[in-house]
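Notes to accompany the following structure.
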Amino acid sequence: MSRYTANPAAVQALVRPTEVHRDVYVDDEIFDLEMKHLFANTWVFVGHDSQTPNPGDYFTTEIGRQPIVMIRHQDGEIHVLYNRCAHKGTKLVIDRTGNTGKFFRCPYHAWTYKTDGTRLGMPLRKGYDGTGLEKSVSGNDMARVGAVRNYRGFVFARLAHEGPDFESFFGESLSSIDNMVDRSPEGRLEIAGPPLRYMHRCNWKMLVENQTDTCHPMVAHESSAGTAVRIWEESNPAEDAPKPMAIQVIAPFMSSYEFFEEMGIRTWPNGHGHTGVHHSIHSDYSAIPGYFDQMTAAYGEERARAILDENRHNTVYFPNIMVKGPIQQLRIFIPLAADKTLVESYIYRLVGAPDMLLERTAMYNRLINAPTSIVGHDDLEMYERAQEGLMSDGLEWVNVQRLYAEGEDFDDIAIENGTTERQMRNQFNAWAKYMTVSMDDGGAMPEAGA
Amino acid sequence: MTFPSRDELIDFVYDEARLIDEGRFEEWLDLWTPDGIYWMPLDPDAENPKLVTALMHEDDYLRRLRVERLKGARTFSQKPRSRCHHVLQRPFIDEIDREVGTCVTTTPFHYVESRLDEQFLLAATARHELVLVNGEIRIKLKRIDLLNPEAAFGNIQLFL
Numbered sequence: 181m182s183r184y185t186a187n188p189a190a191v192q193a194l195v196r197p198t199e200v201h202r203d204v205y206v207d208d209e210i211f212d213l214e215m216k217h218l219f220a221n222t223w224v225f226v227g228h229d230s231q232t233p234n235p236g237d238y239f240t241t242e243i244g245r246q247p248i249v250m251i252r253h254q255d256g257e258i259h260v261l262y263n264r265c266a267h268k269g270t271k272l273v274i275d276r277t278g279n280t281g282k283f284f285r286c287p288y289h290a291w292t293y294k295t296d297g298t299r300l301g302m303p304l305r306k307g308y309d310g311t312g313l314e315k316s317v318s319g320n321d322m323a324r325v326g327a328v329r330n331y332r333g334f335v336f337a338r339l340a341h342e343g344p345d346f347e348s349f350f351g352e353s354l355s356s357i358d359n360m361v362d363r364s365p366e367g368r369l370e371i372a373g374p375p376l377r378y379m380h381r382c383n384w385k386m387l388v389e390n391q392t393d394t395c396h397p398m399v400a401h402e403s404s405a406g407t408a409v410r411i412w413e414e415s416n417p418a419e420d421a422p423k424p425m426a427i428q429v430i431a432p433f434m435s436s437y438e439f440f441e442e443m444g445i446r447t448w449p450n451g452h453g454h455t456g457v458h459h460s461i462h463s464d465y466s467a468i469p470g471y472f473d474q475m476t477a478a479y480g481e482e483r484a485r486a487i488l489d490e491n492r493h494n495t496v497y498f499p500n501i502m503v504k505g506p507i508q509q510l511r512i513f514i515p516l517a518a519d520k521t522l523v524e525s526y527i528y529r530l531v532g533a534p535d536m537l538l539e540r541t542a543m544y545n546r547l548i549n550a551p552t553s554i555v556g557h558d559d560l561e562m563y564e565r566a567q568e569g570l571m572s573d574g575l576e577w578v579n580v581q582r583l584y585a586e587g588e589d590f591d592d593i594a595i596e597n598g599t600t601e602r603q604m605r606n607q608f609n610a611w612a613k614y615m616t617v618s619m620d621d622g623g624a625m626p627e628a629g630a
Numbered sequence: 020m021t022f023p024s025r026d027e028l029i030d031f032v033y034d035e036a037r038l039i040d041e042g043r044f045e046e047w048l049d050l051w052t053p054d055g056i057y058w059m060p061l062d063p064d065a066e067n068p069k070l071v072t073a074l075m076h077e078d079d080y081l082r083r084l085r086v087e088r089l090k091g092a093r094t095f096s097q098k099p100r101s102r103c104h105h106v107l108q109r110p111f112i113d114e115i116d117r118e119v120g121t122c123v124t125t126t127p128f129h130y131v132e133s134r135l136d137e138q139f140l141l142a143a144t145a146r147h148e149l150v151l152v153n154g155e156i157r158i159k160l161k162r163i164d165l166l167n168p169e170a171a172f173g174n175i176q177l178f179l
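From first to last, the protein sequence lines stand for chains A and B. Following this note's numbering, the numbering of the first sequence begins with 181 at its first residue and continues without gaps. Following this note's numbering, the numbering of the second sequence begins with 20 at its first residue and continues without gaps.
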């Protein structure tokens, strides 16, 4: 039964101003349409260019369901290609990362391509003489995604050949990536090790919504953050004793509702937004010796202070990443099925900054976002219970009403009370738009080479 | 004070796993030196465990936090509880220094964790760096290398 395919009105009807229908989380047809439309029409994060520092270095990943390879060409440019030999479809590379030298060589029949995807050749070429291979898609280059942009090291791609350009899609939200990169005295980040990989049996959008859900930490994380604070207090620390790094990382999860209300939420058009406009759970970390001096030397004192006074909490880049500027973390919520999501959590080193900053970042990643994290355990428990609960036919709608105001216009940049669910509504507004914008003409998947 | 025999060292490694499997975590916490570290790398080649993400890198405070959390009324991911089960290969004794009072063992093992209707299996190798403190064997470092640390996992909730 096809209820939603080529039926944009039915898809749009799933999103109301203050609630969304559970089919956005549980319906397989909706998931297929997300892969076909939403993940083709939007700018999706691929990787960081420091993952492929040298010519021939590649990184394999997926955008939606599409097998993708990000590769650095001989001239230093990053290319994003479909990871498929134009001949029989074989994936050209399958290692997560590697170096392919000056060209890809398909392991099946030795067809070859340059590292920008340009066709090179194949053995026994004369067997194709006069067959018109050059007129076939198989006789041409590897298929390229619709558009690629390397923004300060962060590589994004849009599968569709038509669509919003990078700047108009992200707009002022890029200020969060700017702040994260500016925190390096050299204005540069480098990937620090492999990502945590954490499998979630829930819909990917639950994770994206959770990034700006400020009414859950003190409830869901009471057992971890609350216990952390209690153990620390029971150890009778001296009044002025410096709090250990682990306490500084975990304790803010027990902050009061007032703290989260006052920290503020800002939303930008196209589904982007962030928590922590005025302060955040990252504001009260200890200063790292030597760092401010390095920043002052690089930027001047006033600018250095402005960069470090920005303490945004979670910035959602719609559709499926979250960035934490103050601790140089990026999490990507990779959709695998309506009820299955792989979360990868990357950290980056601030080039030119003291190691202790990276130590805190690595600690944050491990204590909060690992499959072995007691904070992560309770989050996943909530998502999986929700995924199961949504199968209930007793109620079919999910509420996103908190601090709703009639006539909200998501094309406006707005700053609101930090417990608003406006950012969740903003995401669903963008979701309905990018799900349906290409639906009338029967699909958004690009023709290779179109 | 005499240094423990090989059998006593091997028994210690088995007993440590048994305390975890039987949920006797308070007794387990007492097996460690005050500066002991429980380390499960994500990147087995990482030279400095603090400058790259680990799955776990836990000092006394963080181990205690985990154990205390298990007792809480609002520990949602442990309502109901997980159970676990170790099957150990006989530990190799790699190094013994009777003068200094230290010993290193390597123990391949299988670990099963179960909750509700779900159960999963992990293969791993534990390296114990043991020291003698007041005549008792204590753990200075327990490093757990999973066979597949780079794989995507769901919740791993207890100690390996």
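Each residue gets a CB set at the ideal place from its N, CA and C atoms; glycine is no exception.
Whole-angstrom distance between residue j and residue i, CA atom to CA atom
{"i": "P68/B", "j": "R546/A", "result": "11 Å"}
{"i": "S618/A", "j": "I210/A", "result": "15 Å"}
{"i": "H289/A", "j": "M302/A", "result": "8 Å"}
{"i": "R540/A", "j": "E314/A", "result": "55 Å"}
{"i": "L538/A", "j": "L369/A", "result": "11 Å"}
{"i": "N450/A", "j": "F590/A", "result": "8 Å"}
{"i": "D136/B", "j": "I115/B", "result": "43 Å"}
{"i": "Y293/A", "j": "P233/A", "result": "20 Å"}
{"i": "A340/A", "j": "A323/A", "result": "12 Å"}
{"i": "E41/B", "j": "E35/B", "result": "10 Å"}
{"i": "D489/A", "j": "S24/B", "result": "58 Å"}
{"i": "L522/A", "j": "F513/A", "result": "6 Å"}
{"i": "F608/A", "j": "E586/A", "result": "16 Å"}
{"i": "H493/A", "j": "G505/A", "result": "7 Å"}
{"i": "H228/A", "j": "N549/A", "result": "19 Å"}
{"i": "D62/B", "j": "L213/A", "result": "36 Å"}
{"i": "P247/A", "j": "I258/A", "result": "17 Å"}
Residue-level contact to chain B via CB, residue i, 7 Å cutoff
{"i": "I545/A", "result": "Looking at the sequence shown, residue 545/A is not Ile but Asn. So yes, N545/A belongs to the interface."}
{"i": "E561/A", "result": "yes"}
{"i": "G373/A", "result": "yes"}
{"i": "R377/A", "result": "yes"}
{"i": "D535/A", "result": "yes"}
{"i": "S230/A", "result": "no"}
{"i": "I527/A", "result": "yes"}
{"i": "S403/A", "result": "yes"}
{"i": "E370/A", "result": "no"}
{"i": "L387/A", "result": "no"}
{"i": "A624/A", "result": "The predicted position of A624/A is uncertain, since its pLDDT is 47 and thus under 50; a value taken from the coordinates is nonetheless stated next. Chain B contact via Cβ: absent."}
Neighbour flag for residue i against chain A, beta carbons, 7 Å
{"i": "K161/B", "result": "no"}
{"i": "A73/B", "result": "yes"}
{"i": "R100/B", "result": "no"}
{"i": "A36/B", "result": "no"}
{"i": "L179/B", "result": "no"}
{"i": "L61/B", "result": "yes"}
{"i": "G91/B", "result": "yes"}
Partner residues on chain A for residue i, Cβ-Cβ distance less than 8 Å
{"i": "R83/B", "result": "I411"}
{"i": "F95/B", "result": "A400, S403, D558, E561 and M562"}
{"i": "D65/B", "result": "Residue identity differs from the one stated: residue 65/B is Ala in this sequence, not Asp. Residues of chain A passing the Cβ test: G373."}
7 Å Cβ shell around residue i - same chain, five flanking residues per side excluded
{"i": "L218/A", "result": "P499, W611, Y614 and M615"}
{"i": "H459/A", "result": "M443 and N491"}
{"i": "V184/B", "result": "It is not possible to answer for residue 184/B, since the shown part of chain B is limited to 20 through 179."}
{"i": "A65/B", "result": "V71"}
{"i": "T94/B", "result": "R88"}
Contact list for residue i against chain B, beta-carbon separation under 7 Å
{"i": "L522/A", "result": "A171"}
{"i": "A550/A", "result": "L74"}
{"i": "E539/A", "result": "K69 and L70"}
Spatial neighbours of residue i in its chain, beta-carbon cut-off 8 Å, leaving aside the 5 residues before and after
{"i": "Q138/B", "result": "V131 and E132"}
{"i": "N279/A", "result": "N234, G236, D237 and Y238"}
Own chain, CB closer than 6 Å to residue i, minus 5 neighbours either side, in chain order
{"i": "L583/A", "result": "N597 and T600"}
{"i": "P235/A", "result": "R252 and Q254"}
{"i": "I595/A", "result": "G444, R446 and V457"}
Neighbour list for residue i in chain A, Cβ cutoff strictly below 7 Å
{"i": "Q176/B", "result": "H557"}
{"i": "R88/B", "result": "S403, S404, T407 and I554"}
Neighbour list for residue i in chain B, Cβ cutoff strictly below 8 Å
{"i": "A542/A", "result": "K69, L70, V71, T72 and A73"}
{"i": "P424/A", "result": "Y80"}
Which runs of the alpha helix (DSSP H) at least 4 residues long sit entirely within the region 569–628 of chain A? Give them in chain order. As far as the region 569–628 of chain A is concerned, its whole alpha helix (DSSP H) runs of at least 4 residues are 602–616.
Within the region 57–111 of chain B, ranges of the beta strand (DSSP E) (whole runs, at least 3 residues): Correct list: 73–77 and 102–107.
Where in the region 396–483 of chain A do unbroken runs of the alpha helix (DSSP H), each at least 4 residues long, occur, reported from the N-terminal end onward? If only complete runs of 4 or more residues are kept, the region 396–483 of chain A shows the alpha helix (DSSP H) at 397–400, 407–414, 425–430, 437–443 and 471–479, in order along the chain.
In chain order, which continuous runs of the alpha helix (DSSP H) of length 4 or greater are located wholly inside the region 227–288 of chain A? The region 227–288 of chain A contains no whole alpha helix (DSSP H) run of 4 or more residues.
For the region 469–550 of chain A, list the alpha helix (DSSP H) runs that are entirely contained and at least 4 residues long, ordered along the chain. Annotation: the region 469–550 of chain A contains the following complete segments of the alpha helix (DSSP H) (minimum length 4 residues), in chain order: 471–479, 481–489 and 535–549.
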